[in-house]
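Student:
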Amino acid sequence: MMKKDRNQFVDIMRGIAMLLVVLGHTMTGCTVDSQQSLLFNIVWSLQMPLFILISGYVTKYSCTIWNVKGLFKYIKRRTVAYMLPWFVWSFLIRGIVFGQKGFLDIKSLIWNMDSGYWFLATIWSISMIFGVASYVAELVGKDNNLKKQMTLLIVYILGMVVLASIGILLGMSFFAIKLTLYYMPFYYLGYLYGQYDARILDCEKGKRIVEFVIASSFIIWLFVILRISIYEMPDNGFAIIMRAGISLAGCIAISGLSKGLFTNKSDFFRGGAQLDRCTFSGNLLYALPIIMPGKNKKQLSHMQLDGEKSNFNKLCDDSDINNTGCKSHKQQQMFCIFIDGKEKIKIFFFGLGKEVWKYT
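Position 175 (the sequence shown) corresponds to 241 in our numbering; numbering is contiguous.
(1) I want to see whether chain D comes within less than 7 Å of Val198, judged by CB atoms only; does it?
(2) Could you tell me which uninterrupted alpha helix (DSSP H) segments, each at least 4 residues in length, are contained entirely in the segment 232-281, listed from first to last along the chain?
(3) With H, G and I counted as helix, E and B as strand and the rest as coil, what does DSSP make of Met464?
(4) For Thr188 and Tyr249, I'd like the C-alpha separation in whole angstroms.
(5) In this structure, how does DSSP classify Gly207 when only helix, strand and coil are distinguished?
(6) Measure how close the beta-carbons of Ser111 and Ile296 come, nearest whole angstrom, since I'm counting them as under 8 Å.
(7) Could you spell out the range, first to last residue, of the alpha helix (DSSP H) harbouring Tyr140?
(8) What's the gap between the Cα of Ile232 and the Cα of Glu270?
(9) Sort Trp287, Phe196, Gly316 by Cα distance to Leu258 and report the nearest one.
(10) Locate the alpha helix (DSSP H) running through Thr92, then write down its first and last residues.
(11) Counting only the same chain and skipping the five closest in sequence on each side, list residues whose C-beta sits under 6 Å from that of Gly225.
(12) Short check: CB of Val109 to CB of Leu86, under 7 Å?
(13) Once the 5 residues before and after Ser332 are set aside, which same chain residues still bring their CB inside 6 Å of it?
(14) Less than 7 Å between the C-beta atoms of Tyr253 and Gly122, yes or no?
(15) Using C-beta distances below 8 Å, list every residue in its chain close to Leu323, excluding the 5 sequence neighbours before and after it, in chain order.
(16) How would you label Gly260, buried or exposed, when you count the other beta carbons within 10 angstroms and need 16 or more for buried?
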């Protein structure tokens, strides 16, 4: 059974990223010169950056690392989650079961991680640096959020410097250091947005800014992706920065457009999994009392629909209220009201799947 506070949109985006990865590998394995196609260019620009962005974003749901014990617990959990599958699939499955001797040569494998499951090593390395940075930030910043965020960023950048130094000494291919350094900014940006997205989207100005960023990102990404193959771009400084910027723009655009597509059509139908307080349903002729634990009764006196104000003239009796809301009226039910976690009352009409009135 799915938890009612689970972010289903994150699961949707994970599913999209997984499908993109499968499509990308299928194209390279089954289609001649697929890397030169527009479809592959689109897929390659999104698949792994989107995964890493999501990984950074979901850190908002992780437990805070308060002490050394919590840090070691975090390291243990992440190591088991990422490095155990890497070991099993690299050595046991491909090395022993499939008889691919290259996966039994530890030195060769560690210096050529991109031949196998490099992304597990990359996400593990990023998680380790981020975990240490989070612990130091909590230790130094305490109740000062700005100080905490600045400390986390500084330690995170220092982690990148240490990783780059190891790469210079042992080679950038060692333990996928080059790829890890490339994706670390994506992880941090995902984390940063996760920390402030609710605050940004809570005001109209913030929503407008997000919409502008999504639209601009889509235009930039589409303009470049139709003209340049970012997969074939060289690995020099400018090309790497440009490739990362285009991929980031594409991820922002796809995530924003997907959120609008899935949430607008499915909020009503997924409402049962998202309800935080109560659910009420009834006919347009009736007003419904809004009862919340520990709060006074609130009344909807009117609603705005298609420019016309419809007055309510009757309340449900208290006896008509049960644990799930107003009992059904004999009249045809036409709308549904639910209260989300922010105590905003939204009215959705059956079949429309869109918000037509909101009371705060």
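For glycine and all other residues, C-beta sits at the position ideal for the given N, C-alpha and C.
Tutor: Taking the geometry as given:
(1) Chain labels in this structure do not include chain D; a single protein chain is all it has.
(2) Restricting attention to alpha helix (DSSP H) runs no shorter than 4 residues, the segment 232-281 encloses them at 243-267, ordered along the chain.
(3) Because the chain spans 67 through 426 in this model, residue 464 falls outside it and cannot be assessed.
(4) C-alpha separation (whole angstroms): 8 Å.
(5) helix
(6) Right, the Cβ-Cβ distance comes to about 6 Å (below 8 Å), so this counts as a contact.
(7) Counting along the chain, the alpha helix (DSSP H) containing Tyr140 begins and ends at 134-153.
(8) Ile232 and Glu270: Cα-Cα distance of roughly 46 Å.
(9) Phe196
(10) 74-96
(11) Ile195
(12) Closer than 7 Å, so yes.
(13) Below a pLDDT of 50, predicted positions are generally treated as unreliable, and Ser332, at 43, falls in that range; the measurement from the model is reported next regardless. For Ser332, where only same-chain residues beyond five positions count, there are no Cβ hits under 6 Å.
(14) Yes, the Cβ-Cβ distance between Tyr253 and Gly122 is below 7 Å.
(15) Ile280, Phe284
(16) Answer is buried; the Cβ neighbour count reaches 16.
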